[in-house]
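>
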Amino acid sequence: MNPQATRFGEFGGQYVPELLMPALDQLAEAFHAAQNDQAFLTELNALLADFAGRPTPLYKCRRFLVDSPISVYLKREDLLHGGAHKTNQVLAQALLTKRMGKQRVIAETGAGQHGVATALACALLGLECVIYMGAKDVQRQQMNVFRMELFGAKVIPVTAGSGTLKDAVNEALRDWAASFQTTHYLLGTAAGPYPFPLMVREFQRVIGREAREQILKQLGHLPDAVVACVGGGSNAIGIFSDFVDDKGVKLIGVEPGGEGIASGKHGATLCAGTPGILHGAFTYVMQNNDGQIEESHSVSAGLDYPAVGPEHAYLKSIGRAEYVAIDDEPALQAFKRLSKEEGIIPALESSHALAHVIRMAETANKPLNVIVNLSGRGDKDLNHVRAILAERGEL
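At position 369 of the sequence shown (counting the first as 1) the number is 569 in the working numbering, and the numbers step up by one without a gap.
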C-alpha cells in the first residue's frame with residue numbers, strides 16, 4: 201500500500217508493531233470492500249434506521265441563547281439508541297467483524313458510551329465482547345458499566361497509569377496483538393493507525409450528511425458555523441465531513457481546557473500539544489520535552505485523552521478548522537443551562553461545545569446560525585455532576 205494513502209497530509213500512518221500489520225491490512229481490505237458492497241450498506245442502513253433510530257432531528261433551540269444574535273440548532277445524536285453518536289460506527293464495525301469471520305470483539309472506553317454502544321451491538325449480533333476501561337473512569341461512570349454488563353460484556357478495569365482512556369487503549373492494543381486472528385479491535389474514535397481514522401469518519405459521516413440536508417430544508421441555506429467537542433474527535437469529524445468543502449461554513453472543534461491550559465491539567469491537544477506519535481498514529485499529542493506522554497485532565501471522561509484523530513491535526517494544519525479550549529467550569533455551567541432552558545440534559549462532552557457557543561454569543565454583532573453536535577445525553581454524567589455540586593454546597 202502507498203504509505204501516503206494512510207495519511208491526512210503528514211498526519212496519520214501506521215506506527216504499530218510488525219505483527220499487527222496483517223490485522224490492519226485485513227481490516228482495510230474488508231472496509232473498502234464493504235463500502236462498495238450494496239448488501240453490506242443495505243444491512244447497515246436498515247440497522248441505523250430501525251435499531252438505532254436514524255435520522256436524528258435537527259432541533260432549533262427555543263430558549264437557549266434566544267436573546268442573543270445566535271440561533272442554535274442541535275443535531276440530536278443524544279436521541280440515538282445507546283445515548284450517543286457512538287452507535288453509528290459501532291454497528292458498522294460489528295458487521296465488519298462478522299464479515300471477517302471473527303467472533304470476539306475488544307474495545308476501550310472512557311465515558312462508557314463507546315463501551316455501551318459496542319456491548320449492545322455485540323449483543324445484537326451475537327459476538328463475544330470485552331471492554332477495557334480505566335479504573336478511574338469505572339468509578340466515574342458506574343451506570344454505563346452496569347449497562348455494558350447487562351448487555352453481556354466483560355468490563356476489565358485498567359489500573360495502570362492514570363486509569364483513564366489512554367491506559368484502556370494501551371491494554372486493548374496489548375490484547376489485540378495477542379489475539380487478532382480471532383478478535384477485532386473495535387476502536388471508538390477517529391484515531392489510531394490507518395484505516396481506523398478514515399473508517400470511523402466514513403461511518404460517522406451520516407451525522408454531517410443529515411445535518412446538511414436538514415439545515416438546508418429549515419433555512420434554505422448553509423449555517424455560519426458547525427461546532428462540536430473534540431477528544432479523539434469522532435463526533436466532530438462526522439459532522440464536519442459534509443461541510444469541509446463549504447468554505448463559508450466555519451468549523452470549530454472544542455477541546456477540554458480542564459482547569460485551564462496554564463495549569464497543565466487539561467486535554468487540549470490541538471491547542472497546546474505538539475506533533476508526535478501515540479497509539480499508532482502521527483498526530484498532535486500532549487508530551488514533555490523528552491517525548492513522554494503527559495496525563496490529560498477533563499471533567500468529562502470522554503474527552504480525557506492526550507491525543508487526537510490525525511484528520512483533525514490535518515484540518516488544523518491547513519487552517520480549515522479552528523480548535524479552541526473550554527475549561528471545566530464553563531462546561532458545567534452550559535450543562536446546567538441547557539438542561540434548565542431547553543429540557544435537554546447534554547453530555548459533559550457536548551457541554552464544552554455549548555459553552556463555546558455561549559462565548560460566541562457574548563461577542564457576536566450580527567445574526568448567526570450555528571449547528572452544535574449534541575453528541576450524547578447527560579444521564580451518564582448525573583452522579584458525577586451531582587457529586588461536584590454537592591461538594592461545592594450547591595445542592
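From the three backbone atoms N, C-alpha and C, an ideal C-beta is built for every residue, glycine too.
1) DSSP three-state label for residue 459, please.
2) Give me, in chain order, the residues of the same chain whose beta-carbon lies closer than 7 Å to that of residue 414; leave out the 5 immediate sequence neighbours on both sides.
3) Give the DSSP-derived three-state secondary structure of residue 399 in the structure shown.
4) Straight-line CA distance for residue 248 to residue 406?
5) Residue 426: which of 290, 453, 549, 586 sits nearest, CA to CA?
6) Does the distance from the C-beta atom of residue 546 to that of residue 578 stay below 8 Å?
7) Exposed or buried, residue 262, counting other C-beta atoms within 10 Å across all chains shown (16 or more means buried)?
8) Go ahead and label residue 272 buried or exposed: buried means 16 or more other beta carbons lie within 10 angstroms of its beta carbon, across all protein chains shown.
9) Given this structure, state the Cα-to-Cα distance separating residue 310 from residue 318, to the nearest angstrom.
10) According to DSSP, is residue 505 helix, strand or coil?
11) How would you label residue 557, buried or exposed, when you count the other beta carbons within 10 angstroms and need 16 or more for buried?
12) Rounded to the nearest angstrom, what separates residue 580 and residue 430 at their Cα positions?
13) Apart from the five residues on each side of it in sequence, which residues of its chain come closer than 6 Å, Cβ to Cβ, to residue 451?
14) Do residue 436 and residue 525 have their beta-carbon atoms positioned less than 8 Å apart in this structure?
15) For residue 213 versus residue 481, is the C-beta distance shorter than 8 Å?
16) Does the contact criterion of 3 or more C-beta pairs under 8 Å hold for the region 531-550 versus the region 472-487?
17) Just to confirm before moving on: does the CB-CB distance between residue 268 and residue 561 stay below 8 Å?
18) Please report the residue range of the beta strand (DSSP E) in which residue 475 lies.
19) Compute the Euclidean distance between the alpha carbons of residue 681 and residue 569, then round it to the nearest angstrom.
20) Give every residue of the same chain whose Cβ lies closer than 7 Å to the Cβ of residue 369, excluding the five residues on either side of it in the sequence, and list them in chain order.
21) Would residue 367 and residue 334 qualify as a contact pair, given that the criterion is a beta-carbon distance under 8 Å?
22) Evaluate residue 528 with the Cβ neighbour count: other Cβ atoms within 10 Å of its Cβ, from every protein chain shown; 16 or more gives buried, anything less gives exposed.
23) What do you get for residue 218, buried or exposed, if any count of 16 or more other CB atoms within 10 angstroms of its CB means buried?
24) Within its chain, find whatever has a CB closer than 6 Å to the CB of residue 291; leave out the 5 residues flanking it on each side and keep chain order.
25) Assuming contact is defined by CB atoms lying nearer than 8 Å, are residue 340 and residue 501 in contact in what I supplied?
26) How big is the Cα-Cα spacing for residue 495 and residue 455?
27) Kindly give me the distance between the Cβ atoms of residue 554 and residue 512, rounded to whole angstroms, as I take these residues to be in contact under 8 Å.
Short version:
1) Here residue 459 is taken as the residue at index 259 of the sequence shown, counted from 1. Three-state result, residue 459: coil.
2) Along the sequence shown, read from residue 1 onward, the residue named residue 414 stands at position 214. For residue 414, where only same-chain residues beyond five positions count, the Cβ hits under 7 Å are 258.
3) For this step, residue 399 is matched to residue 199 along the sequence shown. Residue state, collapsed to three classes: helix.
4) To locate residue 248, count along the sequence shown from 1; it is residue 48. To locate residue 406, count along the sequence shown from 1; it is residue 206. Their Cα atoms are separated by approximately 10 Å.
5) In the sequence shown, the residue the question calls residue 426 occupies position 226. It is 453.
6) Taking the first residue of the sequence shown as 1, we reach residue 546 at position 346. Taking the first residue of the sequence shown as 1, we reach residue 578 at position 378. In this structure, residue 578 lies closer than 8 Å to residue 546 by Cβ.
7) Start at 1 with the first residue of the sequence shown, and residue 262 comes out as number 62. With fewer than 16 other Cβ atoms within 10 Å, it is exposed.
8) Start at 1 with the first residue of the sequence shown, and residue 272 comes out as number 72. The residue is buried, with at least 16 neighbouring Cβ atoms inside 10 Å.
9) Position 110 of the sequence shown holds residue 310. Position 118 of the sequence shown holds residue 318. Residue 310 and residue 318: Cα-Cα distance of roughly 13 Å.
10) Along the sequence shown, one-based indexing puts residue 505 at 305. Judged by DSSP in its simplified three-state form, residue 505 adopts coil rather than helix or strand.
11) The sequence position of residue 557 within the sequence shown is 357, counting from 1. Under this definition residue 557 is a buried residue.
12) Within the sequence shown, the letter at position 380 stands for residue 580. Within the sequence shown, the letter at position 230 stands for residue 430. Approximately 18 Å between the Cα atoms of the pair.
13) Along the sequence shown, one-based indexing puts residue 451 at 251. For residue 451, the CB contacts under 6 Å within the same chain, skipping 5 residues up- and downstream, are 426, 440, 521 in chain order.
14) For the purposes of this step, residue 525 is taken as the residue at position 325 of the sequence shown. For the purposes of this step, residue 436 is taken as the residue at position 236 of the sequence shown. No, these two residues do not count as a Cβ contact at 8 Å.
15) For the purposes of this step, residue 213 is taken as the residue at position 13 of the sequence shown. For the purposes of this step, residue 481 is taken as the residue at position 281 of the sequence shown. Against a cut-off of 8 Å, the Cβ pair of residue 481 and residue 213 comes out as a contact.
16) With the rule of 3 Cβ pairs closer than 8 Å, the region 531-550 does not count as touching the region 472-487.
17) For the purposes of this step, residue 268 is taken as the residue at position 68 of the sequence shown. For the purposes of this step, residue 561 is taken as the residue at position 361 of the sequence shown. Their beta carbons are under 8 Å apart, which means residue 268 touches residue 561 by this criterion.
18) Within the sequence shown, residue 475 is the residue found at index 275, counting from 1. It spans 474-478 - the beta strand (DSSP E) in which residue 475 sits, taken as one unbroken run.
19) Residue 681 lies beyond the stretch modelled for the chain, which goes from 201 to 595, so this question has no answer here.
20) The residue labelled residue 369 in the question sits at position 169 within the sequence shown. The residues are 308, 479.
21) Stepping through the sequence shown from its first residue, residue 367 is reached at position 167. Stepping through the sequence shown from its first residue, residue 334 is reached at position 134. Going by C-beta atoms, residue 367 is nearer than 8 Å to residue 334.
22) Counting from one through the sequence shown, the residue named residue 528 turns up at place 328. Counting other Cβ atoms within 10 Å of its Cβ, residue 528 reaches 16 or more and is therefore classed as buried.
23) One-based indexing of the sequence shown puts residue 218 at position 18. Classification for residue 218: exposed.
24) Translated into the one-based positions of the sequence shown, residue 291 becomes position 91. Excluding five sequence positions before and after residue 291, the CB atoms of its chain that fall closer than 6 Å to its own CB belong to 247, 321, given in chain order.
25) Counted from its first residue, the sequence shown places residue 340 at position 140. Counted from its first residue, the sequence shown places residue 501 at position 301. Taking 8 Å as the cut-off, the Cβ atoms of residue 340 and residue 501 count as close.
26) Against the sequence shown, residue 495 aligns to sequence position 295. Against the sequence shown, residue 455 aligns to sequence position 255. If I take the Cα positions, the gap works out to 15 Å.
27) Within the sequence shown, residue 554 is the residue found at index 354, counting from 1. Within the sequence shown, residue 512 is the residue found at index 312, counting from 1. The C-beta separation of residue 554 from residue 512 comes to about 19 Å, leaving the pair out of contact by the 8 Å criterion.
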